[in-house]
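A.B. asks: Structure in structure tokens, see below.
Number of protein chains: 2
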Amino acid sequence: MRQSQLFTKTRKEAPKDEVSKNAQLLIRAGFVHKEMAGVYSFLPLGLRVMNRISNIIREEMNLLGAQEVLLTVLQDKNIWVTAGKWDDKVVDNWFKTKLKNETEVGLGYSHEAELTNLLKDYVRSWRDLPLYIYQIQTKFRNESRAKSGIMRGREFLMKDMYSFSRTQEEHASFYEKAKAAYFNVYKRVGIGEQTYITSSSGGSFSKFSDEFQTVTDAGEDVIYVCEKCRQAINDEIFKEVSACPLCDNKDLMKKKAVEVGNIFNLGVNFSEPLDLSFADETSVKKSVIMGCYGIGIGRLMGTVVDVFADEKGIIWPKEIAPFDVHLTPIFDKEGKVKPAADALYADLVSKGISVLYDDRDIRPGEKFADSDLIGIPLRVIMSEKTMAENILEAIDRTTGEVKRVPVSDIERIIK
Amino acid sequence: MRQSQLFTKTRKEAPKDEVSKNAQLLIRAGFVHKEMAGVYSFLPLGLRVMNRISNIIREEMNLLGAQEVLLTVLQDKNIWVTAGKWDDKVVDNWFKTKLKNETEVGLGYSHEAELTNLLKDYVRSWRDLPLYIYQIQTKFRNESRAKSGIMRGREFLMKDMYSFSRTQEEHASFYEKAKAAYFNVYKRVGIGEQTYITSSSGGSFSKFSDEFQTVTDAGEDVIYVCEKCRQAINDEIFKEVSACPLCDNKDLMKKKAVEVGNIFNLGVNFSEPLDLSFADETSVKKSVIMGCYGIGIGRLMGTVVDVFADEKGIIWPKEIAPFDVHLTPIFDKEGKVKPAADALYADLVSKGISVLYDDRDIRPGEKFADSDLIGIPLRVIMSEKTMAENILEAIDRTTGEVKRVPVSDIERIIK
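So the protein lines, in turn, are chains V and F. Just so you know, we're using my numbering here: the first sequence kicks off at 56 and counts up by one. Just so you know, we're using my numbering here: the second sequence kicks off at 56 and counts up by one.
If you want it as structure tokens, here you go:
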């Protein structure tokens, strides 16, 4: 894409009410726009990153044999009443609204009840199970404080998967596979090394659960890491146990972290009240055993920003960068560089490389500052000087290292 | 995908309260699930069709030079008050809800005001324009009656594009280009021949507008078609003019139709109250001239069902079918067909063909009835008999025509 066509521009300052570092950078670089506290629009650069993260997650969920659906935001009150989760005293972050005929409806903060009810149309016998179903959809949570930028939103994109199993063993086996798939996601988006599976209490649905926590100074959570097992426990559990749940090691490292995913055992908490059951091989009726598996996609994006950003701006891992390469030529007065850069841009695009091409007629310093802020991991510079030598300069955003690359080699370097 | 893994199953009957033909078929075939009147979940087959339609639209919008964003559902009351559209007397289908601190917010029924306000951060001078920005996002409209299946939803996926121009001429030129892009969309989803541009009154935003109407007996609108110009006028306009607006032909054909898209001139209705302006070449401040361009994606899907379905079920046009081919082998008692069908399935998938493979051990008649209902345009049958002859049977869902195809030719036939 030609940067002159991109409607967003970088900004020197974020809005004054924006205290979160990741949101400040994402707003300044033009990835998101703050509509209100906890509610962000995704602009072209931000949407590209969201889509790349979503597709990685989608691939990993599909590999688990999960099927994608798109459930609704508007939620039938009756279903949630039956599940025992409609009352604001039980679930304190519902948004609710009314149809014209005064019927109350909720905005989905999660989708266990809706999906459990839906499956009653399709699940009868043990032959219909197990099932793994997910969606990538917008959630609504009426947070009383929403001050962590895109990390704790009132409206946010989430991947939520639900498992439906016949036995505890079947459930446990999938639960472990899902854990592994989650680690693949974190690896692929670039934060595998910083991310720990963390035992925690189970929130509103079950006694215990597993969180995935990414270590970063910007984190609001505290975890205690066993480096031997790459396992952590959260603050709450630490108060009770203060040892690694795997190896009993008591020499745990206290670290600040951000939760980037969680998985819960739901048991029969939803299937029993909503009567999602199946006939087993001996025709005995049993309740389906459920699990749920969430990743907040905006939160993951914000975490990546927090983990890698430096004083100049964002640094995207290659797999989720908005573009493969940022082409930032230095135009000359004679007008020789422009057509050569145009040609290089066209050539790279024709080879299936995604390029943000800074074709604007502005000072090089301004281009480079913008490029540092936007954070595409590889920058390519073309100038009178490089043209004279028939090379290009390829600059690594993380290290600042400059490679002098023969023009014919640039495709290889980018890939 | 193996049909034995697909969690949906076909149903003999749709819910009794579902009066719309398209929704009845889509529910029976397992494409959608009705959550409440006007609110439908999209199941794996339905989501595949939605994604294919969305991608066609996306490609056509990108060709217009439009940039994709994802705006928010939650809407800031202040912005809509300023735009003069917050009051329920002005816009009668708002859903509204409240933050914990009692601040009222709306659920986006449309996004003119939010985007106009957002662009104030980025538009200063004539150099920043024109801009074309779109999203594919869920809209919420509090319809008092929502009885047309997925055609008039309370919650529905929509592509909405907005144009921001400097002059009437610039606006008019893009408006014509957008019309052409819309026709490309209808052609590509398979209803080009049935679809007419239709002059109509402008709804809540402007005096006149253009609708795209698709002729079908299931339509709730009436249009008057000039076959010479392939132009139509709607009922309202007909009462005033009763002649083709292009050639003055008075011999118009009255037809039932469904609106599958509309485009409006917004003028300065939003940019003036919200103060989205630019400095022109002579530094004179001017309001931006806007247009909006909508396609309801669920509605388009429902229309395609209405136009092509027959007494046996749905018939998808090739470009938006959930799968390229439905492989429905007839298994034999000796178990020879199953491994051959497994191998053919694997081979087709490896060639990038999307296949729904009915690997279930059920009667052939049941398989074929399901296949007719689901409506994948090409069915391939393998049986003891076809194996003996080293052929496959390829059946056209529309015509029922059976082709005997050498196994080595099947890839070519599918493509």
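No residue lacks a Cβ here, since even glycine has one placed at the ideal position from N, Cα and C. These numbers come from a predicted model, not from an experiment.
Going along the chain, which residues of the segment 111-134 of chain F sit with their C-beta nearer than 9 angstroms to a C-beta in chain V?
C.D. replies: Listed by position along the chain: 120, 122, 123, 124, 125, 126, 127, 128, 129, 130, 131 and 134.
A.B. asks: Name, in chain order, the residues that DSSP records as bridge partners for residue 347/F.
C.D. replies: Taking the first residue of the second sequence as 1, we reach residue 347/F at position 292. The partner list for residue 347/F (beta bridge, DSSP) reads 217/F and 319/F.
A.B. asks: Find the residues of chain F that neighbour residue 88/V, judging by a C-beta separation of less than 8 angstroms, and give them in chain order.
C.D. replies: In the first sequence, residue 88/V corresponds to position 33, counting from 1. Chain F residues near residue 88/V: 173 and 176.
A.B. asks: For residue 343/F, decide whether its Cβ has a neighbour in chain V, counting only Cβ atoms nearer than 8 angstroms.
C.D. replies: Here the question's residue 343/F lines up with position 288 in the second sequence. Residue 343/F does not count as touching chain V.
A.B. asks: Which residues does DSSP pair with residue 210/V in a beta bridge?
C.D. replies: Stepping through the first sequence from its first residue, residue 210/V is reached at position 155. According to DSSP, which records beta bridges pairwise, residue 210/V is partnered with 195/V.
A.B. asks: Are any of the Cβ atoms in chain F nearer than 8 angstroms to that of residue 411/V?
C.D. replies: Here the question's residue 411/V lines up with position 356 in the first sequence. Cβ-Cβ to chain F under 8 angstroms: no for residue 411/V.
A.B. asks: Can you check whether the CB of residue 219/V is closer than 8 angstroms to the CB of residue 174/V?
C.D. replies: As a position in the first sequence, residue 174/V is number 119, starting the count at 1. As a position in the first sequence, residue 219/V is number 164, starting the count at 1. In contact: residue 174/V and residue 219/V (Cβ atoms closer than 8 angstroms).
A.B. asks: Since residue 171/F and residue 331/F are thought to touch, with beta carbons under 8 angstroms apart, how far apart are those beta carbons, to the nearest angstrom?
C.D. replies: Locating residue 171/F in the second sequence gives position 116, where the first residue counts as 1. Locating residue 331/F in the second sequence gives position 276, where the first residue counts as 1. The pair is a contact, with the Cβ atoms about 5 angstroms apart (cut-off 8 angstroms).
A.B. asks: Below 8 angstroms on C-beta distance, what does residue 155/F contact in chain V?
C.D. replies: Locating residue 155/F in the second sequence gives position 100, where the first residue counts as 1. Ordered by position in chain V, the residues that pass the 8 angstroms Cβ test against residue 155/F are 197, 198 and 199.
A.B. asks: Name the residue from 226/V, 273/V and 343/V whose alpha carbon lies nearest to the alpha carbon of residue 74/V.
C.D. replies: Residue mapping note: residue 74/V aligns to position 19 of the first sequence, counting from 1. Among 226/V, 273/V and 343/V, the Cα nearest to that of residue 74/V is on 273/V.
A.B. asks: Do residue 411/F and residue 378/F have their C-beta atoms closer together than 8 angstroms?
C.D. replies: To locate residue 411/F, count along the second sequence from 1; it is residue 356. To locate residue 378/F, count along the second sequence from 1; it is residue 323. Taking 8 angstroms as the Cβ cut-off, residue 411/F and residue 378/F qualify as a contacting pair.
A.B. asks: Let me check one thing: in DSSP terms, what residues is residue 267/V bridge-paired to?
C.D. replies: The residue you call residue 267/V lines up with position 212 of the first sequence. 252/V and 316/V, per the DSSP bridge assignment.
A.B. asks: According to DSSP, is residue 58/F part of a helix, a strand, or is it coil?
C.D. replies: Locating residue 58/F in the second sequence gives position 3, where the first residue counts as 1. Coil.
A.B. asks: Comparing the C-beta of residue 214/F with each C-beta of chain V, is any distance below 8 angstroms?
C.D. replies: Counting from 1 along the second sequence, the entry for residue 214/F is found at position 159. With 8 angstroms as the cut-off, residue 214/F does not count as an interface residue toward chain V.
A.B. asks: Please determine if the segment 105-117 of chain V and the segment 185-203 of chain V are in contact, where contact requires at least 3 C-beta pairs separated by less than 8 angstroms.
C.D. replies: The segment 105-117 of chain V, when compared against the segment 185-203 of chain V, does touch it at the 8 angstroms Cβ threshold.
A.B. asks: According to a CB-to-CB cut-off of less than 9 angstroms, which residues of the segment 421-443 of chain V neighbour chain F?
C.D. replies: Correct list: empty, as no residue qualifies.
A.B. asks: Applying the 10 Å Cβ sphere with the 16-neighbour rule, what's the burial state of residue 418/V?
C.D. replies: Numbered from its first residue, the first sequence carries residue 418/V at position 363. So residue 418/V counts as exposed.
A.B. asks: If you pair each beta-carbon of the segment 198-209 of chain F with each one of the segment 334-349 of chain F, do three or more pairs fall below 8 angstroms?
C.D. replies: No, the segment 198-209 of chain F does not touch the segment 334-349 of chain F.
A.B. asks: Beta-carbon of residue 91/V versus every beta-carbon of chain F: anything under 8 angstroms?
C.D. replies: The residue given as residue 91/V occupies position 36 in the first sequence. Output row for residue 91/V: interface = yes.
A.B. asks: Checking contacts by CB at 8 angstroms: is residue 307/V closer than that to chain F?
C.D. replies: Against the first sequence, residue 307/V aligns to sequence position 252. Answer no: the Cβ-Cβ gap between residue 307/V and chain F never drops below 8 angstroms.
A.B. asks: Quick check: the segment 210-218 of chain V against the segment 241-255 of chain V, are there 3 or more CB pairs under 8 angstroms?
C.D. replies: The answer is no - the segment 241-255 of chain V does not touch the segment 210-218 of chain V, with fewer than three Cβ pairs under 8 angstroms.
A.B. asks: Going by beta-carbon coordinates alone, are residue 439/V and residue 391/V separated by less than 8 angstroms?
C.D. replies: Residue mapping note: residue 439/V aligns to position 384 of the first sequence, counting from 1. Residue mapping note: residue 391/V aligns to position 336 of the first sequence, counting from 1. Result yes, Cβ atoms of residue 439/V and residue 391/V sit closer than 8 angstroms.
A.B. asks: Name the one or two DSSP bridge partners that residue 459/F has.
C.D. replies: Here residue 459/F refers to the residue found at position 404 when the second sequence is read from its first residue. 448/F.
A.B. asks: I'd like to know if residue 415/V contacts chain F, where contact means its C-beta is closer than 8 angstroms to some C-beta of that chain.
C.D. replies: Residue numbering aside, residue 415/V sits at position 360 when the first sequence is read from its first letter. So, not an interface residue.
A.B. asks: So if DSSP puts residue 310/V in a beta bridge, which residue, or which two residues, is it bridged to?
C.D. replies: By 1-based counting over the first sequence, the position of residue 310/V is 255. Paired residue(s): 278/V.
A.B. asks: With a CB to CB cut of under 8 angstroms and the five nearest residues on each side skipped, what residues in its chain are close to residue 104/F?
C.D. replies: On the second sequence, residue 104/F is found 49 positions in, with the first residue counted as 1. Correct list, in chain order: 86, 356, 371, 375, 376 and 377.
A.B. asks: In its own chain, which residues sit with a C-beta less than 6 angstroms from the C-beta of residue 254/F, not counting the 5 before and 5 after it?
C.D. replies: By 1-based counting over the second sequence, the position of residue 254/F is 199. Excluding residues within five positions, the ones whose Cβ falls inside 6 angstroms are 288, 292 and 300.
A.B. asks: For residue 149/F, which of 140/F, 58/F and 431/F has the nearest alpha-carbon?
C.D. replies: Residue mapping note: residue 149/F aligns to position 94 of the second sequence, counting from 1. Comparing Cα-Cα distances from residue 149/F to each of 140/F, 58/F and 431/F, the minimum goes to 140/F.
A.B. asks: Would you mind reading off the limits of the beta strand (DSSP E) that contains residue 294/V?
C.D. replies: Here residue 294/V refers to the residue found at position 239 of the first sequence. Not the beta strand (DSSP E): residue 294/V falls in the alpha helix (DSSP H), residues 290-295.
A.B. asks: DSSP three-state label for residue 68/V, please.
C.D. replies: Against the first sequence, residue 68/V aligns to sequence position 13. Coil at residue 68/V, not helix or strand.
A.B. asks: Between the segment 363-390 of chain F and chain V, which residues of the former have a C-beta closer than 8 angstroms to a C-beta of the latter?
C.D. replies: Cβ contacts with chain V come from no residue of the segment 363-390 of chain F.
A.B. asks: Leaving aside the five residues before and after residue 137/V along the sequence, list all residues of the same chain whose C-beta is less than 7 angstroms from its C-beta, in chain order.
C.D. replies: Taking the first sequence and counting its residues from 1, the one referred to as residue 137/V is at position 82. These residues qualify, in order along the chain: 328 and 329.
A.B. asks: If you draw a straight line from the alpha carbon of residue 68/V to that of residue 367/V, how long is it in whole angstroms?
C.D. replies: The sequence position of residue 68/V within the first sequence is 13, counting from 1. The sequence position of residue 367/V within the first sequence is 312, counting from 1. In a straight line, the C-alpha of residue 68/V is about 13 angstroms away from that of residue 367/V.
A.B. asks: For the structure I just gave you, are there three or more beta carbon pairs, one from the segment 115-134 of chain V and one from the segment 393-403 of chain V, closer than 8 angstroms?
C.D. replies: As far as the Cβ criterion goes, the segment 115-134 of chain V does not touch the segment 393-403 of chain V, which means the pair count is below three.
A.B. asks: Excluding five sequence neighbours on each side, which residues of the same chain lie with their C-beta closer than 8 angstroms to the C-beta of residue 159/V?
C.D. replies: Position 104 of the first sequence, counted from the first residue, corresponds to residue 159/V. Cβ neighbours of residue 159/V beyond the five flanking positions: 132, 151, 152 and 153.
A.B. asks: Output needed in chain order: residues of the segment 139-154 of chain F with a Cβ under 7 angstroms from some Cβ in chain V.
C.D. replies: Answer set for the segment 139-154 of chain F: 150, 151, 152 and 154.
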